[in-house]
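See structure below.
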Amino acid sequence: MDTTTTAAAAGQFPLGGDLPVNRLGFGAMRLALGGSVRTFEAGIAVLRRAAELGVNHIDTAGFYGFGDLSAHELIREALSPYPEDLVVATKVGPLLEGGVVPTGQAAAGQLRGLVEEDLRRLGRDHLDLVYLRVGGMGPAGGESIGERFAALAELRGEGLIRHLGISNVDAVQLAEARSIAPVAAVQNHFHIHFTGDSGVLAQCEQEGIAYVPYFPLGGGGARIDHARLRDVAGRHGATTAQVALAWLLARSPVTLPIPGTGSLDHLTENIAAAGLRLTGHDLAELGGRDGEADPADAEKPTS
Numbered sequence: 001m002d003t004t005t006t007a008a009a010a011g012q013f014p015l016g017g018d019l020p021v022n023r024l025g026f027g028a029m030r031l032a033l034g035g036s037v038r039t040f041e042a043g044i045a046v047l048r049r050a051a052e053l054g055v056n057h058i059d060t061a062g063f064y065g066f067g068d069l070s071a072h073e074l075i076r077e078a079l080s081p082y083p084e085d086l087v088v089a090t091k092v093g094p095l096l097e098g099g100v101v102p103t104g105q106a107a108a109g110q111l112r113g114l115v116e117e118d119l120r121r122l123g124r125d126h127l128d129l130v131y132l133r134v135g136g137m138g139p140a141g142g143e144s145i146g147e148r149f150a151a152l153a154e155l156r157g158e159g160l161i162r163h164l165g166i167s168n169v170d171a172v173q174l175a176e177a178r179s180i181a182p183v184a185a186v187q188n189h190f191h192i193h194f195t196g197d198s199g200v201l202a203q204c205e206q207e208g209i210a211y212v213p214y215f216p217l218g219g220g221g222a223r224i225d226h227a228r229l230r231d232v233a234g235r236h237g238a239t240t241a242q243v244a245l246a247w248l249l250a251r252s253p254v255t256l257p258i259p260g261t262g263s264l265d266h267l268t269e270n271i272a273a274a275g276l277r278l279t280g281h282d283l284a285e286l287g288g289r290d291g292e293a294d295p296a297d298a299e300k301p302t303s
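If you read the sequence shown in this note's numbering, its first letter stands for residue 1, the second for the next number, and so on.
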């Protein structure tokens, strides 16, 4: 595939109705933890190259960090002063409690402090999009999010947050949040071989809410079967990862994949997927009319 393709080739989506972003974005988690040893210089280089390649939607969180590396500080160092069209989304709710992986959840009264900390660390006077991240890595649902989401809505009313989102939620929680304040985006676990969240995606599409799949290239206990993508990839001269990203873009006009990497080569490969157009034959081969996987693939991870 053409490695000069930019994120703009995926088209745009009006996040929250007033923030146009290129549909293929970037997730900052892998800049600071997971995968392999990271360096500050490598993270800066990847972020700056992402911006050069048209990425204007970056997803981060205050708990994305390991040792001296932190995604927030990398983003501020690499991209500040921020371009006017750049949307930086962050997540609050999980608490590290002294470890590397979050094990607790913030109460409603703790969310203001987390938002103010994100503002300080990112060097912003307001945050473009803040998700309430619910629960751990288990299945979504099973708890009320109303009190916590209302606390974020209050901060939105004060101008500290422009748009609100929710992450790792089911349809009931989405409805609960929308009864309190507008929801601009839902960030849930979803990829070509993990489609159990199709109902929430359909609701987002109906309501014009952005749907941001996390682990779009596998992870969280639900891997992509790359062997099932090789024939389609071969026909397009693409990689199987590019096919997986192109499938997400084709799945719905509201999907905004945010693949992350700490590698410049992988970044270029991922962004090139913005220009890959899967045919109807490709989508049928990948699993039906819209690429849906078998129901057995949609089981929730246990980790």
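Using N, Cα and C, we set each Cβ at its ideal position, and we do this for glycine too.
Annotated three-state conformation of L248 is helix, per DSSP. Taking C-beta atoms as the reference points, I58 and G25 count as a pair closer than 8 angstroms. Counting along the chain, no alpha helix (DSSP H) covers L129; the unbroken beta strand (DSSP E) around it starts and ends at L127 to R133. Annotated three-state conformation of F190 is coil, per DSSP. Closest in C-alpha terms to A89, from the list D282, S167 and F40, comes S167.
CA-to-CA, the gap between D225 and V55 works out to about 27 angstroms. Nearest neighbour of A202 by Cα position, chosen from D118, G157 and D170, turns out to be D170. Looking only at P20, A9 and P102, the smallest Cα-Cα distance to I209 is reached by P20. Excluding sequence positions up to five before and after R230, its CB lies within less than 8 angstroms of the CB of T240, all in the same chain and listed in chain order.
The shortest C-alpha to C-alpha distance from L164 to any of R251, S263, I44 and Y211 is the one to Y211. The beta-carbon distance between L132 and G93, rounded to whole angstroms, is 5 angstroms. This is short enough to meet the 8 angstroms contact definition. It is roughly 26 angstroms from the alpha-carbon of E205 to the alpha-carbon of V232. DSSP places L69 in the strand class (E or B) of the three-state scheme. Fully enclosed beta strand (DSSP E) runs of no fewer than 3 residues occupy 161-167 and 185-189 of the segment 133-211, in order along the chain. No Cβ-Cβ contact shorter than 8 angstroms links V115 with L174.
Contact between the segment 149-158 and the segment 72-87 is absent: fewer than 3 CB-CB pairs across the two stretches fall below 8 angstroms.
About 7 angstroms separates the CB atoms of H191 and L248; that is less than 8 angstroms, so the two are in contact. Straight across, the Cα-Cα distance linking A181 with F66 is about 34 angstroms. For the segment 11-84, the full-length alpha helix (DSSP H) segments reaching 4 residues or more read 29-32, 40-52 and 71-79 along the chain. With a threshold of 16 other beta carbon atoms within 10 Å, V200 meets it and is buried. Taking the C-beta atoms as reference points, L31 is found no nearer than 8 angstroms to G16. If you draw a 10 Å sphere on the C-beta of E84, you find fewer than 16 other C-beta atoms in it, and that means exposed.
Distance from the CA atom of A177 to the CA atom of G234, rounded to whole angstroms, is 43 angstroms. For a cut-off of 8 angstroms, the C-beta gap from A106 to L95 is around 6 angstroms, short enough to register as a contact.
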